[in-house]
Every structure is written in structure tokens, then in C-alpha cells.
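In what follows, a structure is listed as C-alpha cells, so that the remarks can point back to it.
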Ligand SMILES: *[C@@H]1O[C@H](CO)[C@@H](O)[C@H](O)[C@H]1NC(C)=O
Ligand SMILES: *[C@@H]1O[C@H](CO)[C@@H](O)[C@H](O)[C@H]1NC(C)=O
Ligand SMILES: *[C@@H]1O[C@H](CO)[C@@H](O)[C@H](O)[C@H]1NC(C)=O
Ligand SMILES: *[C@@H]1O[C@H](CO)[C@@H](O)[C@H](O)[C@H]1NC(C)=O
Ligand SMILES: *[C@@H]1O[C@H](CO)[C@@H](O)[C@H](O)[C@H]1NC(C)=O
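Residue numbers (mature numbering (1 follows the signal peptide of the UniProt record, and there is no 0)): -24 to -1, 1 to 425.
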């Protein structure tokens, strides 16, 4: 007590006055009434030696709260007391709680008995405090998160998947330790991308999928987060062009699926070669030529640009996708030859599932036929002679006739990799278990609410 750190001074004063008050109250047994809420236990408070307090002279302190409310001095520290007040205020706004979760949000033991709340010590802070809130799957309903998430200043993680939280995304800029935001599958008010989120410069995880956001993505989404690992914005109503700087983000897992993006896949994507592991462009209205730069993503295991309006031929650079396991280009307007070098990735690389169905390809390399037979390549609904389940002759002829003048995509023959790369990887590739299960991939898992 002799030389308390300045930042803890205020707390010590609070505790000291509580102890003094408790002593002044003499030998009175601490009243338990302040803690007798539900079945919560008097856990944390006793750690600092003032647990069970409350036997002090009431007249010395203002008593705005009803008698069942625990008081500041009964909490392990002041941060937890402040968090308590914030949680209680939020609790009153929860209008639906089918799992009875909020019944546990009572008493002083925030770190032990409150379901969904987890404590930790921020860097250079000796007090325990609410560091993480995980309400995933609780099905809570509240019209607003304002004053709750942003009212917990030491929060690092907020996970609220599959609840019915409404209103706007709270402004979390004041939360200096914050890095994981998951608001997926809620009922947030339809709105443009919440630009306050761009202030979370230390964010590693941004997940707002399955909501009703609309409008364009801001360029800041790919420029503001130097540490970001995952960005999931799938299943919203975003539209417009993807920002040109998309490839500048160090993101590992990126899902843009099931929106209404238009325009091309930005060629900057090639700059993400060292970091991007999975990317979903699936089910938008992206157009233009399939970019050569996708073939530079040497570390990517999942590349999915299916169900768009992409056109052109598959650039030879795609033979350099030595890590790719799932490559989906189905249901686009692609045409031309599927080269042997791409299909060889199933033998020399890690390719397990190549889906090219619903395009206008006309020719397969010999290796590709083997893949079709092995069930690893789907070329249904194309224009490939001798292959099963193809489009009618008429449909194919129509496509080439109607679009002949528009078939202006560059045919890039440049292969930006050396075949010898594979020899090294091939052995380890064969040791990997078959890459079949969808849930193995983080972005594909993100397509389920
Ligand atoms: C924590 O404290 C140490 C020593 O005072 C200091 O060097 C360091 O920068 C502090 N870290 C943070 C994140 O404040
Ligand atoms: C990000 O973290 C650094 C170091 O921990 C900190 O100094 C900075 O304030 C944080 N940024 C924000 C916006 O909280
Ligand atoms: C594709 O996206 C549209 C919205 O853009 C959506 O209505 C549709 O359900 C999506 N398809 C699938 C299979 O998810
Ligand atoms: C090409 O032709 C088909 C009809 O055969 C049409 O549906 C499609 O929109 C045309 N445009 C492009 C860019 O492929
Ligand atoms: C292969 O990929 C397609 C398109 O993403 C998917 O529909 C199919 O289920 C996948 N097949 C396997 C066996 O993973």
C-alpha cells in the first residue's frame, strides 16, 4: 500500500474506504443481502479481502439502487464494478432470452458465473476485467448494442453470432484492446458498411456476414487493418465494385460471397500472394476477364469465383496454384481450352476439386479427362465434345455467335512459376488427408449462419 501505482490510486481509495467503513461498522456480520441474487456465488470479491462486505454504515453512502443491488466495494475491482453496471443496463434491454442466459448475469462474480463473459488482464493492468464477451448462439434479442459493447472499455473480443441484435453497430474506436468483432447472423438495421469499424486498427477478425448491410465496401476495409486475418462480409446486400486496393490487405480468409458485387476482380489480388489462403467471390455479379493475377496466389487453398459473370479463358498462370485444393469457377461465361497444366495440379499439387460446370469450355487436356473419371473435375453443362451432360449444340453455337465480338480477353501464355516448385511439394501433398470436408475450410464454414 505504501507506493501504489498512479493508475491504481483511485481503486485503492475505493477499497480503502470500504475497508475503513467495514471496520467502523464493528463486528457486525457482513450482510449477504447484496449478494443474494439468484444462485450467483460470492467468488471474485473475496480475492482482494473485502468480499462479503456490505456491513458498513448505509448513511455514509448514497443508495440509489434497490436493496438487492451489490455495491461498488463488493466487486473485485472498480473496472468490474463499472462493467457490472453496463451489463445490468444491457440486460434490461434483452426482450427475448430462450436459454435463460441473462439470469446468470447477476451478482458480483462477473468472471465466474456470468454466462458469456470472460475476464483477463490487459497489458500493464493488474486488475482482472471483462476482456471477452461470447454470446454465440444464445438467441438473445435486443434492439440495440449501443452502450453495451462500447461501454466495456477493456474488451478485446465480442462474439455475437446468431442472436437477434438490432440497431446500428456501436462505435468501438475507444476500445484500445479490441481485436475480434463477430456480429454475424443478427438483425442489425440495414445500413452501409459501418465505417467506425475501420477505426479498429488492431482488428484481426471482422465478421458481419448474414446481416442486411448494403452499398459499396469502403477501400479502408482493405487498407486499415495491418493485422487482419479474417474478413467475412458474405450474405449481405453489398453491391458496386470491389475496391481496387483489395490485394493490399494481409487478410488470410476473405469471404465476399452471396452479395451483388459487380465489376472486375481487382488485379491487385496478386499482391496478396504471400498471405491470402482462402477467398470466396462466389455468387455475385462480378464480370470482366478472369484475372491472370489469381494464378499468383501460391499459398491459397480455396479460390472460389463460381456463379458470377466472369469471362475469358483460364490463364496459364493458374498452373502455379500449387496449394489450391478447391478451385471453383462454375457458372460463369468462361470458354476455350482447359489446359493440361491446370489439371496436373491434382497430381503435382494439392488440387482435390476443380469445378468448371456451367461455362462454355470446348476442350480438355488429357490429364483433365483423367480427373473427370476420378470425380475430381466437374465439367457438366459446357460445350465439350464427348463429355457427358453438355449443353446442346444450339446453345453453344448461340453463345459463340452472340458474343464473338466481345471475346476480347487477353490470352496470357506467361506462366509465372517454375514446374520444379512442385517436386518439393508433391511428397508432402500426398501426406495430407483428402481435402473433401467442407467444414475444414474456414470460408466455406462461414457460408452457414
Ligand atoms: C508496459 O509497461 C512497460 C514498462 O513500463 C513498457 O515498457 C511497455 O511499453 C508497456 N506496454 C504497453 C502496451 O503499454
Ligand atoms: C493498437 O494497439 C497498440 C499497441 O497495443 C495501441 O497503442 C493502440 O492504441 C491500439 N489502437 C487502437 C485504435 O486501439
Ligand atoms: C446468391 O445470392 C443471392 C443474393 O445476391 C441470394 O438471394 C441467393 O440465395 C444466393 N444463392 C445461394 C445459393 O446462396
Ligand atoms: C453471350 O451470349 C449469351 C446467349 O447465348 C447471353 O446470355 C450472354 O449474356 C452473352 N454475353 C456475354 C458477355 O457473354
Ligand atoms: C467441389 O466444389 C463444388 C463447388 O464449390 C462443390 O459444390 C462440391 O460440393 C465440391 N465437391 C466436393 C467433393 O468437395
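C-beta: ideal position from N, C-alpha, C; glycine also.
Taking all protein chains shown into account, decide if residue i is buried (16 or more other Cβ within 10 angstroms of its Cβ) or exposed.
i           : result
residue 233 : buried
residue 315 : buried
residue 185 : buried
residue 135 : buried
residue 385 : buried
residue 219 : buried
Within the present structure, is the beta-carbon of residue i separated from the nearest heavy atom of ligand 2 by less than 7 angstroms?
i           : result
residue 96  : no
residue 175 : yes
residue 178 : yes
residue 302 : no
residue 152 : yes
Just to confirm, are residue i and residue j a CB contact at a threshold of 8 angstroms?
i           : j           : result
residue 181 : residue 197 : no
residue 307 : residue 287 : no
residue 332 : residue 300 : no
residue 258 : residue 224 : no
residue 231 : residue 204 : no
residue 55  : residue 103 : yes
residue 114 : residue 75  : yes
residue 247 : residue 262 : no
residue 141 : residue 108 : no
residue 59  : residue 128 : yes
residue 179 : residue 144 : no
residue 169 : residue 191 : yes
residue 89  : residue 112 : no
residue 98  : residue 130 : yes
residue 347 : residue 363 : no
residue 253 : residue 277 : yes
Using beta carbons (cut-off 8 angstroms, strictly below), is residue i in contact with chain B?
i           : result
residue 315 : Of the chains in the structure shown, none is chain B; there is only one protein chain.
So, at 6 angstroms on beta carbons, what are the nonlocal neighbours of residue i in its own chain, with the 5 sequence-adjacent residues on each side left out?
i           : result
residue 226 : 251
residue 264 : 240
residue 269 : 243, 245, 246
residue 267 : 241, 243
residue 81  : 63, 67, 90
residue 122 : 146
residue 317 : 295
residue 163 : 140, 142
residue 124 : 66
Alpha carbon to alpha carbon, how far is residue i from residue j?
i           : j           : result
residue 388 : residue 105 : 57 angstroms
residue 207 : residue 160 : 11 angstroms
residue 36  : residue 110 : Low confidence applies here, because residue 36 scores a pLDDT of 48, under 50, leaving its location unreliable; read the following figure in that light. Approximately 38 angstroms between the Cα atoms of the pair.
residue 406 : residue 260 : A caution first: residue 406 carries a pLDDT of 45, below 50, which makes its placement in the model unreliable, though a value can still be read off. One C-alpha to the other measures close to 34 angstroms.
residue 165 : residue 293 : 42 angstroms
residue 338 : residue 394 : 27 angstroms
residue 290 : residue 189 : 33 angstroms
residue 177 : residue 52  : 31 angstroms
residue 200 : residue 65  : 32 angstroms
residue 187 : residue 212 : 5 angstroms
residue 327 : residue 274 : 12 angstroms
residue 425 : residue 95  : 27 angstroms
residue 215 : residue 173 : 19 angstroms
residue 62  : residue 155 : 20 angstroms
residue 255 : residue 229 : 6 angstroms
residue 352 : residue 319 : 10 angstroms
residue 340 : residue 238 : 29 angstroms
residue 343 : residue 419 : 29 angstroms
residue 202 : residue 370 : 51 angstroms
Does ligand 3 have even one heavy atom less than 7 angstroms from the beta-carbon of residue i?
i           : result
residue 137 : no
residue 236 : yes
residue 284 : no
residue 259 : yes
Closer than 8 angstroms by C-beta to residue i: which residues in its own chain qualify, once you throw out the five before and the five after it? Chain order, please.
i           : result
residue 336 : 309, 310, 311, 358, 359, 367, 372, 375, 376
residue 78  : 67, 70, 116
residue 171 : 194, 196
residue 426 : Residue 426 cannot be examined here, being either before or after the span of the chain that is shown, -24 to 425.
residue 249 : 272, 273, 274, 275
residue 236 : 213, 214, 215, 260, 261
Any heavy atom of ligand 5 closer than 7 angstroms to the CB of residue i?
i           : result
residue 331 : yes
residue 280 : yes
residue 276 : no
residue 306 : yes
In chain order, what residues of the same chain have a beta carbon less than 7 angstroms from the beta carbon of residue i, not counting five sequence neighbours either side?
i          : result
residue 57 : 48, 51
residue 92 : 77, 109, 110, 111, 114
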